[in-house]
């Protein structure tokens with residue numbers, strides 16, 4: 004967190020990063036949700052990650068100079084986000100998946116919040132989870148302004164993770180998403196940033212994101228999600244600032260998340276395996292903390 008934040012700009016440019024892979028079914032709605040934003044100073048960077056459907060054609064069909072479409076060979080969502088970060092010109096950066104939607108005030112709410120609070124690095128807000136247009140759940144993050152590292156490390160229930168953050172570009176300058184990770188890469192990215200740069204997080208009170216559940220959504224891939232959580236555990240256990248009590252809390256949180264998810268999927272044996280693996284997880288820790 005910088006000691007002397009720069010004076011806030013009246014209308015800072017927001018770079019919106021949208022990785023897309025075989026997203027033709029949902030992409031147009033995602034793009035239209037950006038076009039309908041009440042805040043107009045934005046740059047949308049769509050990276051088609053080697054799709055073999057009409058994703059590139061759909062993305063290219065929108066005639067707006069603020070939209071930049073990039074095509075690359077398939078390398079995964081993390082690589083697509085890294086490509087977009089290299090093209091981002093904004094003072095603020097946010098993310099939206101190609102099958103999700105931004106409520107029309109999503110940018111305005113967070114831009115105003117960060118402009119009014121120049122020492123805060125990351126802004127989030129409530130997230131609507133929907134299926135076929137019907138509300139499934141509303142997540143409300145804590146509005147307390149606080150250092151981001153410990154709550155994110157613990158996966159505290161009032162701190163959410165995903166493409167829901169708006170972050171100052173200076174706060175993540177030079178960082179990249181881990182291209183070896185296909186799930187939980189966003190948590191690992193922001194956890195690393197918060198660990199290394201002591202970032203402050205705050206949240207608005209109105210919804211800033213609509214996460215849409217469907218058969219092909221990332222949350223439907225439980226095997227991949229499970230692998231991602233264990234990669235996250237490994238990263239966390241290697242962080243010098245991670246305290247034993249917080250790591251223990253993280254292990255229990257992941258055990259609970261994966262156990263419940265596999266039980267809901269009708270796979271009790273996988274639930275038990277993931278619970279046992281999470282609770283007994285160990286990794287080399289440069290800070291010297293033993294597992295407790």
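Residue numbers (the numbering used here): 4 to 295. Note that the Cβ used here is the ideal one computed from N, Cα and C, for glycine as well.
Residue 75 (DSSP reduced to helix, strand or coil)
The sequence position of residue 75 within the chain shown is 72, counting from 1. It is a strand residue.
Does DSSP classify residue 98 as helix, strand or coil?
Stepping through the chain shown from its first residue, residue 98 is reached at position 95. Taken through DSSP and simplified to helix, strand or coil, residue 98 comes out as strand.
The beta strand (DSSP E) enclosing residue 168, as first and last residue numbers
Reading the chain shown from its first residue, position 165 is the one you call residue 168. Counting along the chain, residue 168 falls outside any beta strand (DSSP E), and DSSP gives it neither H nor E.
When you compare the CB positions of residue 17 and residue 136, do they come within less than 7 Å of one another, or not?
Taking the first residue of the chain shown as position 1, residue 17 is located at position 14. Taking the first residue of the chain shown as position 1, residue 136 is located at position 133. No, the Cβ-Cβ distance between residue 17 and residue 136 is not below 7 Å.
Classify residue 128 as helix, strand or coil using the three-state DSSP reduction.
In the chain shown, residue 128 corresponds to position 125, counting from 1. The answer is coil: DSSP assigns residue 128 none of H, G, I, E or B.
Cβ contact (3+ pairs, closer than 8 Å) linking the segment 183-190 and the segment 107-119
No, they do not touch.
Strictly by DSSP, which residues pair up with residue 48?
As a first step, residue 48 must be located in the chain shown, where it is residue number 45. In DSSP, residue 48 forms a bridge with 20, 71.
Three-state secondary structure (DSSP) of residue 175
Looking up residue 175 in the chain shown gives position 172. Note: residue 175 maps to coil in three-state DSSP.
First and last residue of the uninterrupted beta strand (DSSP E) at residue 33
Counting from one through the chain shown, the residue named residue 33 turns up at place 30. No beta strand (DSSP E) contains residue 33, which is instead part of the alpha helix (DSSP H) from 27-38.
Using the DSSP secondary-structure output, state which residues sit across from residue 142 in a beta bridge.
Residue 142 sits at position 139 when you count from the first residue of the chain shown. 130, per the DSSP bridge assignment.
Between the segment 163-182 and the segment 125-133, can you find at least three pairs of beta-carbon atoms closer than 8 Å?
Flag = yes, the segment 125-133 and the segment 163-182 touch.
Cα-Cα separation between residue 168 and residue 38, rounded to whole angstroms
The residue you call residue 168 lines up with position 165 of the chain shown. The residue you call residue 38 lines up with position 35 of the chain shown. Each residue's alpha carbon lies about 19 Å from the other.
Quick one: grab the DSSP three-state call for residue 104.
Looking up residue 104 in the chain shown gives position 101. In the structure shown, residue 104 sits in a strand (DSSP, three-state: E or B).
Say whether the segment 190-197 touches the segment 227-246, bearing in mind that this needs 3 or more beta-carbon pairs closer than 8 Å, one atom from each stretch.
yes
How do the segment 250-265 and the segment 209-216 stand: do at least 3 beta-carbon pairs fall below 8 Å, yes or no?
no
According to DSSP, is residue 1 helix, strand or coil?
Residue coverage of the chain in this structure runs from 4 to 295, which leaves residue 1 outside it and unanswerable.
May I ask you to verify whether the segment 92-108 touches the segment 27-37, counting CB pairs closer than 8 Å and requiring at least 3?
yes
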